Amino acid sequence: CHTPQGWRNEDALALQAASDPQPEYATLNPYALPAPLAPELAAADVGVTLSLELIAQAFAQLRAQAEVVVVEGVGGWAAPLSARLDQADLVRALQLPVVLVVGVRLGCINHARLTAAAIAADGLQCIGWIANEIDPKMERVE
7 CHTPQGWRNE DALALQAASD PQPEYATLNP YALPAPLAPE LAAADVGVTL
57 SLELIAQAFA QLRAQAEVVV VEGVGGWAAP LSARLDQADL VRALQLPVVL
107 VVGVRLGCIN HARLTAAAIA ADGLQCIGWI ANEIDPKMER VE
């Protein structure tokens, strides 16, 4: 949503409100882009170049303030952050383990296995996965 302070992500605003201590919005979400697109495309639309350094600085600030910091990826594992950066670069820079979130629907097993293989091929560790039941009518969720 657009506010007098610029673009704000509603999920990030909810996380900010629920956090104690409450971080500055720009620390919690260094880039708020208006279009729901791959980060590289959304940033280009508004003339922004995503900086791994800025994200790492914000992460370091959050880490200093909180016991636990969870970083949500954006757009999927293979979605580029810029012409030179992808999710693996971000995970490496922040030295994070990966938890794969799988939207449970038709085709999710294939998608999850391909993503897990890509994470491993990037030399990173997937420490677990979460099944997100996005389709309540999906059969055989168990």
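According to our numbering, the sequence shown is numbered sequentially starting from 7.
Glycine is no exception: its CB is placed at the ideal position from the N, C-alpha and C atoms.
This one's a predicted model, so the numbers in the text were calculated from it and none came from an experiment.
Open item on the list: Judging by CA-CA distance, which residue of T121, N138, P86 is the nearest neighbour of L130?
Closed with: Comparing Cα positions, the closest option is T121.
Task: Classification of I61 by the beta-carbon crowding that lies within 10 angstroms, buried from 16 upward - done: Buried: at least 16 other Cβ atoms inside 10 Å.
Task: Anticipated Cβ contact below 8 Å, L87 with E46, distance rounded - done: 6 Å between Cβ atoms; contact.
Open item on the list: If contacts are defined as beta-carbon pairs under 8 Å, then N35 and A49 qualify, I think. What distance do you get, rounded to the angstrom?
Closed with: Not a contact, Cβ separation roughly 13 Å.
TODO: Take E145 as the anchor and find which of I136, D128, G113, D51 has the nearest alpha-carbon.
DONE: Minimum Cα distance to E145 is reached at G113.
Task: Inter-residue spacing [alpha-carbon to alpha-carbon] between L58 and I115 - done: The C-alpha of L58 lies about 31 Å from the C-alpha of I115.
TODO: From the DSSP output, in three-state form, read off C132 for me.
DONE: Looking at C132 - three-state DSSP - the assignment turns out to be strand.
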